[in-house]
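Participant: Structure provided below as structure tokens; questions to follow.
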Amino acid sequence: MTNHWIDYQHSDVIMAIGVNTAENHPMSMRWIDRARERGAKLISIDPRLTRTAAVADIWLPLRPGTDIALLGGLINYTFTNKLYQREYILNYTNASYILDPSYSFADGVFSGLADDTYNRDTWKYDLDRDGNPRKDLTLENPRCVFQVMKAHYARYDADTVCNIVGCNLQDFQLVAKTFCATGAPDKAGNILYAMGITQSTHGSQNVRGTAVLQLLLGNIGIPGGGVNAQRGEANVQGSTDMAMLFHILPGYLNMPQAMTHPTLADYNAKETPASSYWSNKPKFLVSLLKAWWGKMATGDNEFCYNWIPKLDGKNRSHIAIFESMAKGQIQGMFVWGQNPAVGGPQAELERKALENLDWMVAVDLFETETASFWRRPKVDSETIKTEVFLLPAAASYEKDGSVSNSGRWIQWRHKAVQPPEDAKSDLWIADQLYKAIRYHYSLGGVFPDPILGLNWDYGQGEEEPDIEKVALEINGYETGSLKPLENFTKLADDGSTACGCWIYSGYYNDLEVPPTKRRIREQKGIGIHAEWAFAWPLNRRILYNRCASDPAGKPWNPKTPLIYWEGGEWQLKDVPDFAWKDTPPEKTAQSPFIMLPELQARLFSPGMADGPFPEHYEPAESPVRNALSPQQNNPAITWWQGLGELASKEEFPYIGTTYRVSEHWQSGIMTRNSPWLGEMAPEMFVEISVELGEKLGISNSSQVLVSTRRGEIKAVAYVTRRLKPMMVGNKLVEIVGMPWHWGYRGLFPGDSANVLTPHVGDPNTTIPEYKAFLCNIRRA
Amino acid sequence: MKVTRREFFKLTGLAALTAAVVGCDWDEDPILSQPLTDAKEVTTICPYCSCGCGAICYVANGKLVSVSGDPDHPINEGALCSKGASLLNLNTVYNFRTHNAEINPNRLTKVLYRAPYSKVWEEKNWRWAMDKIAKRVKETRDASFEAQADGVTVNRTMAIAHLGSAALDNEENYLLAKLMRSLGIVNLDHHARL
Amino acid sequence: MANVVLVDTQKCMACRGCQVACKDWNRLPAGATKFRGNYTNPPTLQAHTWNHVVFTETDKGRWLFASYSCMHCTDAACINVCPVGAVQRTKSGTVWPDGDKCIGCGLCVQHCPFHVPQVSKATNKMGKCTGCAERVSQGLRPACVTTCPNGALLYGERGEMMQLAKDRVDALRRQGFSEASIYGDLEMHGLGRIYVLTEIPSAYGLPETPGYNASAWIWQLARRPLGTLTSIGLFSGLVVGFLRWRGERIQHKDNYSI
Amino acid sequence: MKAEPKAPILPLLRQILDVQRYYRDIVIAELPLTRKTWDIQNYILECERILFSPRLFREICIRLASLMTSHIPETDFISLIFNLEDSTLEALATTVQCCLEPDLVEAMGITVRELRLHKLCPLDPSVLAEFFLAAIVPFYIAYAYQQAPKGDWQQGWCPVCGQYPVNGYNRPGDGRRILGCWMCETEWIHSRLTCPICSSSQEGQLMLFLEEDSNRRIQVCDTCGYYLKITDCTQAQTGCDLQLENAATVFLDILAQRKGYRPASHPQRFTREMR
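Residue numbers (this note's numbering), protein chains in the order written: chain A, 45 to 824; chain B, 13 to 206; chain C, 386 to 643; chain D, 2 to 276.
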């Protein structure tokens, strides 16, 4: 999130696109209602009339997978009615940059496409002699980003958009008029999004669409504004920061690639940009290596740089792991507090792939579907060779530790009770696992150095490891005096400092009252709560907050001033996101986005894998042709072998989409073991419209079979008026909605919807496309 | 008669005055003979969605009595949604037959092991499990370790995968990242990607 | 004036925390439910389910939520109809079923206009919301009200709550809900549970003019001398058998269909 | 929440309370104060003075004395109060306002012994000191009623008269901690898991309570050894009258002091450096 939950109260219009906020983030409604008491409007954009849409002011039904078409329409509406905030985009974004003549866009494809990957050399600015991009501050030049964008989105006129999205013109114009009015300087528009737009083969571009719209309307960096991702789990923000992902190291440092970064020097040279805060990347990497390998990491062995495994350039994300597991290339697997047998795409293929494992270690609170794949229904256990260790873990209040919520707040959890019987905290399990592996490698083995050299002494024998030592290591300390670092501005690249995750530095820098444990509410102010816990980076609560005031330093919205220039100095209500120390506003007006090389926001973003501008493409399996360009799908998708052949719209005519209910959570293993929650939502069900029910003779609450190319599941049908057929082009398209919480374990078992979802993902992040695929439904 | 005040009890305000005047002596008052139970209020953060609502766990002599919203927490200000309100059930549920609170029977409380081709779980202890897991990791890593790949030191193993978790705390995720990378694992991912 | 619960259906977002809290406080077991074509689960109130959120879809394309439980009517059908006086009114104005006296005859089940009381097959006793009588008498608020995260359920003195309900209805009318109204002011001479509705009551499954038919009143007279004779023996057994048969027949007719 | 009449002292105490609150309104009527918004360093009365009138003070003393004699006839010292000069009454008032001894009751006791008032009446000097304190309270309540700051105060001591609280309650609804001053009946919001006296936020807040009434708890702090009586009204319909609660839960005081904890109204040494 760029802002945080409490900041919603300052919004004037809140657009919830691809998020069912009342059901899946109920507490957000508390702050949305505070905003609505001041007259704010809530717009819910969702294929179904969800509980959010039921309480929202405006509901716009939309065909799953067509979010860019809608956002493109809103961008076009902003351009045609000149609702953009001119002064904001002139100073804070790259709208005025002139593009290189080699860049072009035709028939839905950007320049530089070579079969399924883009060669991004042509996506660059037109540089003058000494290498700075040429700008046209009048925004008239047809090659400047502003004009190119205007032409690009001119194709998204209202009728085409309504044709693609399947909504009627009045609804679209009402949404456009309401939301794009927040382009006014003193108005704050807020976009909430979640899996509804990310789980698609153009998920990253969907999110870019929201960012571009917010930049045009000047809503980034202001209180009540921003692009706010409402994440699904308690510490998904923290686990992403700690880099439990194949392509990064803690603190979003890219993993070294074998071909391009053989040595530390190569890594620093290729990965460190000249300008922006990322120019300190060598400090972050060396500090990380010192934190991991302590005294072993010295200047002459490149701080053990080579002990980090190097990637082979191939994708190793969730889908790739299960694809290679299906081919038998993976023998052992750790599944730590996760349930891919229900949550993963194409679940039947993934459960089958698990059978190729020699051994699996699963750690969880309950017996999950993943840990018991070998005794799932319709499977003969005796033919499965996998050895499974199922370790009991402690629940959230049975152990200490910190978690980061969507608003980047790192909050501490205290241990209230002992875990039951043999259950242990994950910290203890990891500590014991390391000690056992170290013992076995001390007796010899292949290249044991990185294991034996680890800087790891958090506890003796079988006692609970001291979590404060781990927190100090993450926070960073001086290797000489072991004194905790104040924050990441103190990091050095000569090995004198060690820091496990540079963005978290400062969260545990004082043993007396560590910032993450602070509990001081804000007395007066606009709800920043600067002394409640710690928000990475540097306890900054609203990112890019230089944009909260105009280039001269006057706040855009005097009612909620954040950072402004008054009486010859900066008035700071939040940690500033720019070099503010005694520099007048004019000097900082051109550099509000300190993490980007241009130091200005990117309307034109050359860094994306599938295009500098968001462009609408149909989902992988779609019932209609792409009405905007001949390019049916996102050209940069990797088509995995496990996906098999795509569904044809004759055989599977209806759009399938998966979502959640507020009584259950994720794979349901925690909530389906609670009797009262299960009683409220006992069985797997699918939602279809009344019209489809009549056409297929499916009566309400009757058994149905839903099938796709990948598999078939049984469920109860809920024939409802909350889901309507959509007029797309000249065809009526039907939607089948499925919650995905059920699995074959727990008190309330049921078929898993993810048996139906495809193994195809987004080019940038390979997040699977759960939200739009083709399926068929018939009476059981 | 001299109205004296019981020296050893320091009461405050009106209570002190009236106690002295009315002169009640507490010793034989039955209420004072009852034992005091001690309880602890501990703050935690809800493990479900990512709002980060604060909750207070009320623990009486080692048993979890109730989990309610943390009134000081600025995000939820004492309120919890239906999943948050049923947080107690992760640890303690009410048994309708014996009419007392007990540990949730579905919770895993023992280390379970499934031998190859077996049909059942067997209960083991921690030390045995850790030792066996370490052996398995060592065997698989040693068999599949690549030190070099066309001239470049890579130090990796493709044969072990790790699906880490968004349900774990930051410190736990950090230790796992550190451990798995030191083993040379590149197949490392978790459900932030799903 | 007794205290009442105010249910603001427009603020309610159906997170069903009240349903969980009621089961938690009253130690009620979860029943085996199925998915019956609507999010409302369990579909009707039961002897071990005293409060549930009713989801109704209107033909105007709206989705309405209402926390549905015993209305604690001033003129309560169950109190007047019960042959053995097993349903009493507590000091704090709530209608409280006394488990010991109840013989499970099912008369109250039949005559309650809101279909609230249900007889448990296991214990053959009538079970329904007690209005958290023991909590209210100690000065506490009912369990469902304490857990509502965004103020859709409020509890307080009747006059105050009615004033709050009026303001809320005016605000909703200004927002464009022309059908906004208060339900529970006059029905059954005043309900213990007042609703702020944004559609006509029948859209929520609430009876427009709740009442109970005269036959119940006649029964009241016939029962009284028998009651005083305390002859529980053969005669009442006979009566119960006849009533149970007649109850089944009526129960079938106006089945609570959604 | 209803204060169960467990303690026998309640009937007398209720009458004294009514007298105090009755005289509060008289003091407000006779000595009105305009409300000012204070920028408080430590507390308002640190450098301000309450409005005091010996005549009213004498009237309150007589009223209270007659009340006590009606309960226990042998403690009759109304005649003593009649012939106290105004100067002694002024002296009593000034001791309370600018005394350097943290424990008000001790300070009052010292003044009473100096003026040798206890010689003339059957009361013990410290009881007499508490009597005069009770008589001054209406002036404090009147002052606090007009000047108390609204909303969060977040310090442990009373924003008006600087006394440490003895008891508090968790307010209905969200359950935020309301601490109340035993001297001037000011109520302020305080965070729930930090000790108001030494403001240390422990890992877990220790609570002691009797099995029969788990909503009335003693919040103890092991770092500074002081305790606080807390009534949990989170799920209640209304808050509670702290003075009544304080009297009704005297048995908790005794149980806590038997365990070795001290009440915050009798601090041993200054925990704040400002006085």
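Glycine included, C-beta positions come from ideal geometry on N, C-alpha and C.
#1: Residues in its own chain within less than 8 Å of D/Pro173 by CB, not counting five upstream and five downstream?
#2: Hey, would you say A/Asp51 sits closer than 8 Å to A/Gly571, going by beta carbons?
#3: According to a CB-to-CB cut-off of less than 8 Å, which residues of the region 179 to 212 of chain D neighbour chain A?
#4: Rounded to a whole number of angstroms, what is the C-alpha to C-alpha distance between B/Glu134 and B/Tyr125?
#5: Straight-line CA distance for A/Gly268 to C/Ser505?
#6: What does D/Met208 pair with, by DSSP beta-bridge criteria?
#7: Mapping the DSSP letters down to three states, classify A/His291 as helix, strand or coil.
#8: So, at 7 Å on beta carbons, what are the nonlocal neighbours of A/Ile811 in its own chain, with the 5 sequence-adjacent residues on each side left out?
#9: Going by other Cβ atoms of all chains shown within 10 Å of its Cβ, with 16 needed for buried, is B/Ser62 buried or exposed?
#10: Comparing the C-beta of A/His458 with each C-beta of chain D, is any distance below 8 Å?
#11: A/Glu392 and A/Arg754 - do their beta-carbons sit closer together than 8 Å?
#12: Which first and last residues belong to the beta strand (DSSP E) in which A/Tyr311 is found?
#13: Taking the straight line between their C-alpha atoms, what separation do you get for B/Thr49 and D/Leu256?
#14: Under a three-way DSSP split, which group does B/Tyr167 fall into?
#15: Report the CB separation of C/Ala365 from C/Leu391 in whole angstroms; it is logged as a contact under 8 Å.
#16: Roughly how many angstroms lie between the CA atoms of C/Met511 and A/Glu67, to the nearest whole one?
#17: Which of the three DSSP states is assigned to A/Ile87 in this structure?
#18: Closest to B/Arg119 by CA distance: which of A/Glu411, A/Thr541, A/Leu114, A/Leu736 is it?
#19: Any contact between the region 148 to 156 of chain A and the region 675 to 695 of chain A? By contact I mean 3 or more CB pairs, one from each, below 8 Å.
#20: Out of D/Asn84, D/Cys222, D/Ala248, point me to the one whose CA is closest to D/Tyr262's CA.
#21: Output needed in chain order: residues of the region 153 to 177 of chain B with a Cβ under 8 Å from some Cβ in chain D.
#22: Tell me, please, which residues DSSP counts as bridged to A/Asn298.
#23: Rank C/Val438, C/Thr515, C/Gln404, C/Asn509 by C-alpha distance to the C-alpha of C/Val472 and give the top, closest one.
#24: Here's the rule I'm using: 16 or more other beta-carbon atoms within 10 Å means buried, otherwise exposed. How should D/Arg276 be labelled?
#25: Return the Cβ separation of A/Val490 and B/Phe157 in integer angstroms, given the expectation that the two are a contact with Cβ distance under 8 Å.
#26: Could you give the first and the last residue of the continuous beta strand (DSSP E) run that contains C/Gln473?
#27: Against chain F, with Cβ distances strictly below 8 Å, would A/Thr284 count as a contact?
#28: From the beta carbon of A/Asn350, is the nearest beta carbon of chain B less than 8 Å away?
#29: Based on the DSSP secondary-structure assignment, which residues constitute the bridge partners of A/Gln747?
#30: For A/Arg563, go through chain D and note every residue whose CB falls closer than 8 Å to its CB, in chain order.
#31: What residue range is occupied by the uninterrupted alpha helix (DSSP H) comprising A/Trp337?
#32: When you compare the CB positions of A/Gly539 and A/Val330, do they come within less than 8 Å of one another, or not?
#33: Report the three-state DSSP secondary structure of A/Gln191 (helix, strand or coil).
#34: Mind pulling the chain A residues with CB within less than 9 Å of C/Glu442?
#35: Of all the options A/Lys631, A/Leu498, A/Asn589, which has the alpha carbon lying nearest to the alpha carbon of A/Pro605?
#36: Is it a yes or a no for the region 82 to 92 of chain A touching the region 180 to 193 of chain A, going by three-plus beta-carbon pairs under 8 Å?
Facilitator: Straight from the coordinates:
#1: Cys234, Thr235, Gln236, Ala237, Gln238, Thr239, Gly240
#2: yes
#3: Listed by position along the chain: Ser192, Leu194, Thr195, Ser202, Glu204, Gly205.
#4: 5 Å
#5: 52 Å
#6: B/Ala51, D/Gln220
#7: coil
#8: Once the five neighbours on either side are set aside, the close Cβ partners of A/Ile811 are Thr242, Gln243, Gly247, Gly805.
#9: It is buried - the Cβ of B/Ser62 has at least 16 other Cβ atoms within 10 Å.
#10: Judged by the 8 Å Cβ criterion, A/His458 is in contact with chain D.
#11: yes
#12: Counting along the chain, A/Tyr311 falls outside any beta strand (DSSP E), though it belongs to the alpha helix (DSSP H) covering 308 to 315.
#13: Our two residues, B/Thr49 and D/Leu256, have alpha carbons roughly 11 Å apart in a direct line.
#14: Tyr is not the amino acid found at residue 167 of chain B; the sequence shown has Asn there. The answer is strand: DSSP assigns B/Asn167 an E or B state.
#15: Since the first residue shown for chain C is 386 and the last is 643, residue 365 of chain C is missing from the structure and cannot be characterised.
#16: In a straight line, the C-alpha of C/Met511 is about 34 Å away from that of A/Glu67.
#17: The three-state reading of DSSP puts A/Ile87 in strand, counting E and B together.
#18: Nearest of A/Glu411, A/Thr541, A/Leu114, A/Leu736 to B/Arg119, Cα basis: A/Glu411.
#19: yes
#20: Considering only alpha carbons, the answer is D/Cys222.
#21: Residues: none.
#22: A/Ile292
#23: Distances from the CA of C/Val472 to each of C/Val438, C/Thr515, C/Gln404, C/Asn509 were compared; the closest alpha carbon is that of C/Thr515.
#24: Because D/Arg276 sits at a pLDDT of 34, beneath the cut-off of 50, its placement in the model cannot be relied upon, and the point is left open.
#25: 5 Å
#26: C/Gln473 -> beta strand (DSSP E) spans 472 to 474.
#27: Of the chains in the structure shown, none is chain F; the protein chains are A, B, C and D.
#28: yes
#29: A/Val760
#30: Ser192, Leu194, Thr195, Ser202
#31: Note, A/Trp337: alpha helix (DSSP H), 325 to 337.
#32: yes
#33: helix
#34: Leu93, Thr764, Arg765, Arg766
#35: A/Asn589
#36: The region 82 to 92 of chain A is not in contact with the region 180 to 193 of chain A.
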